[in-house]
């Protein structure tokens, strides 16, 4: 009989999102809370009764009482779903108060796997590797070598970075990428990486079910896993569960480009309210195009749940037509030319160049309000 | 640049038509046509051609389109140094721009054509080209009257003038940015004011300030929360440690180990203590055996000592008896010696005393004999001395009676000399009388005959002159009183001195002094003799004589010779001394011997008593011997018993566990158990405290709040940073605008005035025009030293100044090698005949090197302007 379960991780319930305005901040928190119901629904839809939470269910070691209680209540509400949870680095076993409260208030369908002891899932065996501390400093998944009855599928549940996963530019992790084969696992469910990614034939990071940064391109979701039996290849189906979409958009402009059209092309067209957009513009453009782009951004921004534009890397090309739009001659034209020269003067400090470019943009925008 | 032809197609009233103005020459060209002819349309079309890009779709370009629609087009032919070029533009529909060269070839199109025009008019249209156009609208004169119509017309006229002036201002603005510059600067200032204070600090109510304040408030909140979050984290870590420690303490194995250790330590301690008791008992037995043996030995030794002591005491008693007897015998012997020595001493003393008495008697007799001779000698010397003393006393009495002394005599002699001096003086001053008696006569005075020497008369005298009678001579009181008084005083002094000398005259005094000296010599002589006779004085001599007489009263003859007695006496006294010394020595020996004898007797008695006591203590000798034998016989058994006890003790000691160590081990085990219990209690208390603290902090959701606030703070700081950057940009823009305007103003004013002044002089000789630095408008006209603000001048004057200003600009352009046409569209509407003539002159002055196009509807007034007359051809397009 095929075992089906939903693999998820990194719910980070209670994450503050303090850097965001209040409106979207509340929506972000609410969306994270809503993942519990959406995960249960996804599991249910996929014929799974078990949800494996591979760590970092909570964002803090001591989540606020309402955060914790509402999460536990939401899990309890999904009575037909069993929640099997291991502590991650954010909510490690060192978070004793959290787990004490979970033990005191948690529902019957929630089980915290606080020890690396194999757990019988009805013929299949779950080998959990709970995080003992925020930085345990050792490979906790070694515990997955623990013996289980022969012939039973073995499922690893761990949290942390894989050795060559963040090798480029990051601190190497300590979970060996071949942990699944080493420990004879049919599936290794990992958490910690917020993007969904397959590390090996039977090793997956589910990613967070609700995005929380612009870092990952893949849509937020969970993995519906089916295990037909020992040695069988796991059937893994990504399931989208994200409510709010974090989209980083980048446009690279040349002076001949229609900046506003390029903007329209990269912005999400549907459900803009559910999108958080970070736009960065690079390259070169004319003053007019830049002003048009800025105006278009101002017009478009309110459509979205959150919108941030960074035009600092977008330099202004020296086009006489642009300056004509400020004035075809006279002192205004001279002032504009002076600012343009200053903005493009490599001998000037970067701050001074940026300030001059910004001043020129303001001059351009103000001049358009009162054309010659 | 010169304009040679203008062509309009489908512009305003020329809908569907082509209107051409051509054959425009150099200098002044006049298009004089009635109203509604379309002169201003030509002006607008030319302006559009030069300044409205072909793609511009603005109010202005749209205003060119006729009501019937279609695309307006315009073309001009301009003459440049390298030939005639044609500029053509079409706006709004299929807009295009084309430049055709003198050969009829299109050299630029659309944007390139626009760029060509820009270059034509100067780099980037650097000059205020629009200045050169004066728009239509100045046809009306200010009407007289106060009716509504007149007032409305007047207002329209004023508006026209304002327009004229403002158009000038506009051209100036084109150079300096003018009104747009002001607007933009105001906007920049407004934007700055919205965010920052004048000193560029965040403005209290502005977004920047709000962001800064919010960031600061959040930072404070974060600083307040961070330690609590840290404390919570620390509490959690500590609680885990406490829980692990409690788990270790509560482990049954650990607790059983504690119990076993305690029981084991207790048993070891008990065993050690029992062993220690046995050791103590063995020690006591050993000590007892030792003591018993020692006591037996001591008993034997004591018995032996008793026997020995008794024997020694008895011997000592015997020795003491012998010593006492010997001492007594010696004492007796020495006592006898003492008595003999005493007797010998007494005999010697008596012999010596007898001899001393005899010597004394002999010496006294010898002394008495010697004293009698001395008494006689002293008696003689005493008699002589007394006689000398008597003589001296007498001489001294005589000397005393003489009273004179060298000093008193000297005083008398000095007084005498003074008397003589004063007398001589009186004589010198006195009347002198010299008698020269005749033969046989003798004058006398006081009975004394007068000599033949002159006789001074110092007082009245009477001179007897025989045969004559008496002659009284009185020197007169006036001449003699002072001298007389002095002489009297000197005489008195002399008398006192002589009295002191005891003499009446000075010679007598001298005699008395001689006598006194003789007496003094005799006295001295006798006193020397007396001192020889009685060196110690008369009284001493007298006493010595009396003593001698007393001594001389002893027996007259001596019994023995004292010298013969002295030797026996010396021998006797030496014998007496020796006898006395021997007697004392013998006495001392006797006394010492007596003491020794007494002491020996005492020692004897003491020894005797000691011997008796020792014997009593020792008891009977035989019995003592029996006891001593018995005591010695028991000693070996006791020694064996003691050795056995010691061996038992040594064996026990050798196998004894260390009680202190066992006790310490027990104490340690107990302490460890107690400490474990105490640690358990303490940890449980700490755990309770930690639970409470963690519970309280966790209930606050402190980590979430901190993360929330940290994020908000970062966002607020980023926002504040953006505002700060915007303020920097606005400040930079403000300074750039200000710098550009200042630069433009500086470059603009000087050359404009230089061109303007000759033109103003044509109209107003000796007048000068001043341009306001701030408004950049002609502001003040100074005529005949009188400065007048432009706005109080008449409309005509202001209008003329405005046109002249344009002409000045035109000349400025021409001088810089960029001549552009000046186009006046119905200008000079307010100028009177004289002024308009002067204006025409000014126009002609400019027209020498400048093309001037004049559009006017005032055909008569402008007939005097001269210049070339232009015609417009209109034909279907």
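Residue numbers (the numbering used here), protein chains in the order written: chain A, 103 to 474; chain B, 1016 to 1892. For each residue, glycine too, the CB sits at the ideal point set by N, CA and C. Predicted model only: the values in this text are computed from it and were never measured.
For residue i, collect the residues of the same chain with a Cβ closer than 8 Å to its Cβ; drop the 5 residues on either side in sequence, then sort them by chain order.
i                       : result
residue 459 of chain A  : 417, 418, 441 and 445
residue 1181 of chain B : Note that residue 1181 of chain B has pLDDT 42, beneath the 50 cutoff, so the model's placement of it is unreliable and the number below is only indicative. Cβ neighbours of residue 1181 of chain B beyond the five flanking positions: none.
residue 1598 of chain B : 1353, 1356, 1357, 1359 and 1360
residue 224 of chain A  : 105
residue 466 of chain A  : 389, 390, 392, 393, 424, 427, 428 and 438
Looking only at its own chain, which residues have a Cβ that is under 6 Å from the Cβ of residue i, when we skip the five neighbours before and after it?
i                       : result
residue 1287 of chain B : 1672, 1674 and 1677
residue 1718 of chain B : 1244
residue 1601 of chain B : 1352, 1353 and 1356
residue 476 of chain A  : The structure shown does not extend to residue 476 of chain A, since chain A spans only 103 to 474, so no value can be given for it.
residue 1098 of chain B : 1117
residue 1386 of chain B : 1563, 1566 and 1567
residue 1115 of chain B : 1101 and 1121
residue 1887 of chain B : 1034 and 1036
residue 1150 of chain B : In this predicted model, residue 1150 of chain B has a pLDDT of only 45, less than 50, meaning its place in the structure is not dependable; the value taken from the coordinates is given anyway. Hits under 6 Å: 1840.
Check the Cβ of residue i against every Cβ in chain B and list those closer than 9 Å, keeping chain order.
i                      : result
residue 440 of chain A : 1751, 1754 and 1755
residue 468 of chain A : 1198, 1199, 1202, 1203, 1206 and 1748
In chain A, which residues lie less than 7 Å from residue i when you measure between Cβ atoms?
i                       : result
residue 1228 of chain B : Going along chain A, no residue has its Cβ under 7 Å from residue 1228 of chain B, so there is no contact; the nearest lies around 17 Å.
residue 1714 of chain B : 167
residue 1709 of chain B : 199
Kindly give me the distance between the Cβ atoms of residue i and residue j, rounded to whole angstroms, as I take these residues to be in contact under 8 Å.
i                       : j                       : result
residue 260 of chain A  : residue 216 of chain A  : That pair is no contact at about 14 Å.
residue 1401 of chain B : residue 1553 of chain B : 7 Å
residue 257 of chain A  : residue 288 of chain A  : 6 Å
residue 1681 of chain B : residue 1281 of chain B : 6 Å
residue 455 of chain A  : residue 447 of chain A  : 7 Å
So which residues on chain B does residue i lean against when the C-beta distance must stay under 8 Å?
i                      : result
residue 119 of chain A : 1723 and 1726
residue 448 of chain A : Residues of chain B passing the Cβ test: none, with the nearest at roughly 18 Å.
residue 436 of chain A : 1755, 1758 and 1759
Residues in its own chain within less than 7 Å of residue i by CB, not counting five upstream and five downstream?
i                       : result
residue 1857 of chain B : 1774, 1777, 1778, 1819 and 1822
residue 115 of chain A  : 134, 135, 159, 160, 161, 165, 169 and 173
residue 382 of chain A  : 352, 412 and 415
residue 1110 of chain B : 1069 and 1070
Can you pull the DSSP bridge partners for residue i?
i                       : result
residue 362 of chain A  : In DSSP, residue 362 of chain A forms no bridge with anything.
residue 261 of chain A  : A/293
residue 307 of chain A  : A/292 and A/299
residue 1333 of chain B : None; residue 1333 of chain B has no bridge partner.
residue 964 of chain B  : The question about residue 964 of chain B has no answer, for chain B in this structure spans 1016 to 1892.
residue 109 of chain A  : A/154 and A/325
Residue i versus chain A: which residues are under 8 Å apart at the beta carbon?
i                       : result
residue 1235 of chain B : Near residue 1235 of chain B there are no residues of chain A at all, since even the closest Cβ is about 15 Å away, more than 8 Å.
residue 1252 of chain B : 196
residue 1195 of chain B : 429, 434, 469, 472 and 474
Since residue i meets chain B, which of its residues come closer than 7 Å, beta carbon to beta carbon?
i                      : result
residue 116 of chain A : 1719
residue 464 of chain A : 1744, 1745 and 1748
residue 178 of chain A : Correct list: empty, because the minimum Cβ distance to chain B is about 20 Å.
Report the neighbours of residue i on chain A: residues whose CB is nearer than 9 Å to its CB, in chain order.
i                       : result
residue 1064 of chain B : Those do not exist, as residue 1064 of chain B stays about 14 Å from chain A at its closest Cβ, beyond 9 Å.
residue 1730 of chain B : 120, 121, 122 and 123
With a threshold of 9 Å between beta-carbons, can residue i be considered close to chain D, or not?
i                      : result
residue 163 of chain A : Reference to chain D is not applicable here, since the protein chains of this structure are A and B.
> Contact between the region 1469-1486 of chain B and the region 1434-1445 of chain B: three or more CB pairs below 8 Å?
Replying inline: yes
> If we count Cβ pairs, one from each stretch, closer than 8 Å, do we get three or more for the region 1863-1871 of chain B versus the region 1044-1061 of chain B?
Replying inline: By the criterion of at least three beta-carbon pairs nearer than 8 Å, the region 1863-1871 of chain B is in contact with the region 1044-1061 of chain B.
>> I want to know whether the region 1239-1259 of chain B touches the region 1711-1727 of chain B - three or more CB-CB distances under 8 Å.
In response: yes
> Are there three or more Cβ pairs, one per stretch, closer than 8 Å when the region 1408-1421 of chain B is compared with the region 1521-1537 of chain B?
Replying inline: yes
> Three or more C-beta pairs closer than 8 Å, one from the region 303-311 of chain A and one from the region 336-352 of chain A: is that the case here?
Replying inline: yes
> How about the region 1648-1657 of chain B and the region 1368-1384 of chain B: do they share at least three Cβ pairs that are nearer than 8 Å?
Replying inline: No: the two stretches stay apart, fewer than three of their Cβ pairs being nearer than 8 Å.
>> For the pair the region 1033-1043 of chain B and the region 1874-1882 of chain B, tell me if three or more CB-CB distances fall below 8 Å.
In response: yes
>> Is it the case that the region 1217-1230 of chain B contacts the region 1687-1703 of chain B, given that we only count it when at least three CB pairs across the two stretches are under 8 Å?
In response: Contact fails: fewer than three Cβ-Cβ distances are below 8 Å.
> Is the region 241-251 of chain A touching the region 279-294 of chain A in the sense that three or more CB pairs, one from each, lie closer than 8 Å?
Replying inline: Touching, per the Cβ criterion.
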